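Read the structure below first, then the notes.
In UniProt numbering, the protein residues as written are 1 to 1028.
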């Protein structure tokens, strides 16, 4: 259930009393007046959420969900068309004109983050206004010209260079989802072209409608045999994959477009398309079990629909009514379904004291959901059943009464063409979102995991729900614990629950493509931070892995253990030698199988690890790339020539110096935590797509977990391994956390632990990039050749070799101290203990990395791939953040506030580390091959460098410490040194959230070590016998 979200309706809710129910709207489905009366109430309810008509507000603006303005105005257009009520016409005209931008619905305030689908919905609203004869605004853009403006800007983005055509989901390369092509973006363009073709009788629009349709049918998006409409496909894989989530609006947009084409051409192929798509739409989204009342079946049954998804039914209702008019043979098939849905929707409008509508219409009662989206969809379906008043007519055209003014060249001033050769270099004046890694997507609409999935790696024969140990989260810690407990000779029953999918495609293992895995649909939670005060108010990407392997499945593959000082400090903070370097290094060596033979043979001057510092027989194969890019060795020499210390092993416990980075890859193939689950015994049950919502307690003892209504019980322990962002959420939703936050959201307090959610620490970084001569490296010959990527992938699939085992597979990097930092005022203001730690023999102040392939994260940022990208990382940050509860709804994430750059010391290290990079770039051995700047500050002063950090800083996604481990007298600790949550029984936490020290590394190794250490503790306490 969603709670009221403020504004006027929020005030009404508070006055009325949450949960108060009134008599439902009453309609006689055969009485137009009763339907119009009901629609007037739901339309009024939707406008209660709109403030654009108030003094000082922006007409048509919904700042956090701009596209929903088009859904509101489209709903009110239908309402006027079918009822004749002009109450809201002035707001519709004003809002749609105000958001028109330069006649193309790309308004300056929002265009930097709009997707093609966002813009497309506004184009459909304008097209609808023209077709129903809604009056053009004097001295404004005509409705027809606005639709034409959207069309013109979108066809200019048609991406023939990838997958043979299609629109990308997002418009700009720095946007999450830019690497995808989806049905709604392409379906809306098809629909718009078809409607423009019919209205204007212009052959160009017809040709484009056919072109979009043909491309869609040739891709995984639209199957013109089964009439399945998938949600998305991935460009990186050549548009071969399919995100097959079933959403009604994907079907609806292709269906109505086909109806327009048939009405205009009378070609039987379009009639076949109409009948095929309509059949699947009605069978899927008007289930017989729901008495043929419409349902968004992917999210409604489990009550996990988000605001976008709640609108889909309303959109489709309006489109189906038009289909019934355009293709009269469908009228008698469509009308009964719309009428049943309208009756269900009206019955759901019994909430609060003002007929607030719900989501699940088939329940024929209010279900407790509150929002503008619910009101819009109810208005849409109520208006649509009034199609009976329009039978025999149809949408207008320019020859049948439509009089909206045409402008075939509208929108031609837009600059969002898919021709990325027009993109300029990134500087501090560019958009804040275009940081080196502020690109991740995340979780696309509909990838809900709040239901029990179908994928089982191992299933107990009796399908029991009772186990000895339950582990929540299939990341590195969770997989380590699960595999080790299950391997004990006593065969304890172990259950591993993972919210994401198995993600078992071999193509996800390609070494050189590890930089883009986080953009794969469904593999990233897609989190963002709150606005960062010291980063110019930017909200930063906060990616987390979703699926088996956790973030090891989407990270960049740096296998770095950190410095021995980190672990010795950890042991001291918790007063337990199990966490010191000696013990942790032993576990580290047991985990890895460090393969160096090839690299030592070819690059022995730069690779020379001590055998005693590494493991050779662990389950995780790691090492250096077998073959390096041509300028890797010269770059190592450049660092040496510029005076940087050189090391031949970054994982010896002393990472100080520059050297080749060790990778969680071997022979061209990535290594992830899934490896630990291979060949597991049948006492380990792993269930994916199973999102745990809360813990089950008896008094102060945790006895199990609850997931989508199912309960799983643990006779011994529940171990949370969901990570620094989601473990605190699960604790808080279970009543364990800061009492003030729990009370605020109506969660019964089981255990008041104020430390939960506090102490968030994270690394951050910025890039420095230069254009380099093509003679200095071979990158352009690979990345710049259109067919090379697919050819290389085919080679990799055979034996793991080829270009994808070379390019992007080996970086140069290392950790360094800065005398300038130590001499700074900011350093001297730190507590004495912190100064002593930072002066420790193995403890760095910052990290540098070279050969970061950032064009794979921001496609189109450079047309010449011979560039080199350097990155500066801030180590040992003193800034402390928090994660806080914002809802009692398990599907709503916490609020994440790392407070990057909030501490003066962090700002000093940011400046000095970047200045060292600039010095490196100015050294003659480097500058001789530089032909221009690509990304850099506008000056070299402290102020210019710091402003660059504020504008371009990104998280390194090393979130740590939100359920901190500590001594019994540590008020900031939530778990003890045995991973037990304070004041509770049967519950432990073992992931990066417990680590009290942010290690000087990329943190996947530490996450594995947390799991290994917790497994050791459990095996010892329960007197188990671990068998390697």
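For glycine and all other residues, C-beta sits at the position ideal for the given N, C-alpha and C.
If you're wondering where the values come from, they're calculated on a predicted model, not measured in any experiment.
Of the residues 181, 152 and 820, the one whose Cα lies closest to the Cα of residue 161 is 181. The shortest C-alpha to C-alpha distance from residue 125 to any of 315, 167 and 229 is the one to 315. In this structure, residue 976 lies away from residue 964, with their beta-carbon atoms at least 7 angstroms apart.
Using a C-beta cut-off of 8 angstroms, the region 393-406 makes no contact with the region 48-66, since fewer than three inter-stretch Cβ pairs fall below that distance. Closest in alpha carbon position to residue 712, among 935, 76 and 690, is 690.
By a beta-carbon distance limit of 8 angstroms, residue 700 does not contact residue 469. Their separation comes to about 19 angstroms. Here residue 466 carries a strand assignment [DSSP, helix/strand/coil]. For residue 27, there is no enclosing alpha helix (DSSP H), as DSSP gives it neither H nor E.
According to DSSP, residue 594 shares a beta bridge with 622. Counting only residues of its own chain and dropping the five nearest sequence neighbours on each side, residue 653 has a CB closer than 8 angstroms to the CB of 561, 563, 564, 581, 585, 613 and 842. Out of 365, 246 and 357, the CA that lies nearest to the CA of residue 379 is found in 357. For residue 374, there is no enclosing beta strand (DSSP E); the enclosing alpha helix (DSSP H) covers residues 372-384. Going by beta carbons, residue 885 and residue 763 fall outside the 7 angstroms limit. For residue 1019, the enclosing alpha helix (DSSP H) starts and ends at 1004-1021. In the assembly as shown, residue 128 is a buried residue. Its beta-carbon has 16 or more other beta-carbons within 10 Å. Here the alpha carbons of residue 158 and residue 171 stand approximately 10 angstroms from one another. The beta-bridge partner set that DSSP reports for residue 180 consists of 234. Our two residues, residue 270 and residue 259, have alpha carbons roughly 7 angstroms apart in a direct line. DSSP lists 812 and 870 as the bridge partner or partners of residue 850. Between residue 924 and residue 642, the alpha-carbon positions lie close to 9 angstroms from each other. 99 is the residue among 471, 545 and 99 whose C-alpha sits nearest the C-alpha of residue 60. Close CB contacts of residue 897 within its chain, under the 6 angstroms cut and outside five residues either way in sequence, are with 530, 881 and 882 (chain order). Taking one beta carbon from each stretch, the region 511-527 and the region 539-554 have 3 or more pairs nearer than 8 angstroms; the two touch. Leaving aside the five residues that flank residue 279 on each side, the residues in its chain whose CB is nearer than 8 angstroms to its CB run, in chain order, 227. In the DSSP annotation of this structure, residue 901 is not part of any beta strand (DSSP E), being labelled neither H nor E.
Taking C-beta separations shorter than 7 angstroms and ignoring five residues to either side along the sequence, the partners of residue 741 in its chain run 732, 884 and 885, following chain order. Burial is judged here by how many other beta carbons sit within 10 angstroms of a residue's own beta carbon; residue 394 has at least 16 and is buried. Cβ atoms of residue 710 and residue 663 stay farther apart than 8 angstroms, at about 39 angstroms.
When DSSP reads this structure, residue 855 sits in no beta bridge, so it has no partner.
Around the beta-carbon of residue 90, fewer than 16 other beta-carbon atoms lie within 10 Å, marking it exposed.
Residue 340: member of the alpha helix (DSSP H) spanning 331-348, first to last residue. In this structure the region 718-735 does not lie against the region 852-871, because fewer than three pairs of beta carbons, one per stretch, are closer than 8 angstroms. The residues 609, in chain order, have a CB closer than 6 angstroms to that of residue 649 in the same chain once the five nearest residues on each side in sequence are set aside.
Excluding sequence positions up to five before and after residue 962, its CB lies within less than 8 angstroms of the CB of 724, 725, 727, 728, 756, 757, 758, 759, 760, 882, 883 and 993, all in the same chain and listed in chain order. Linking residue 291 to residue 359 through their CA atoms gives a straight-line distance of about 16 angstroms. Your pair residue 407 and residue 148 checks out as a contact, with CB atoms roughly 6 angstroms apart and the cut at 8 angstroms.
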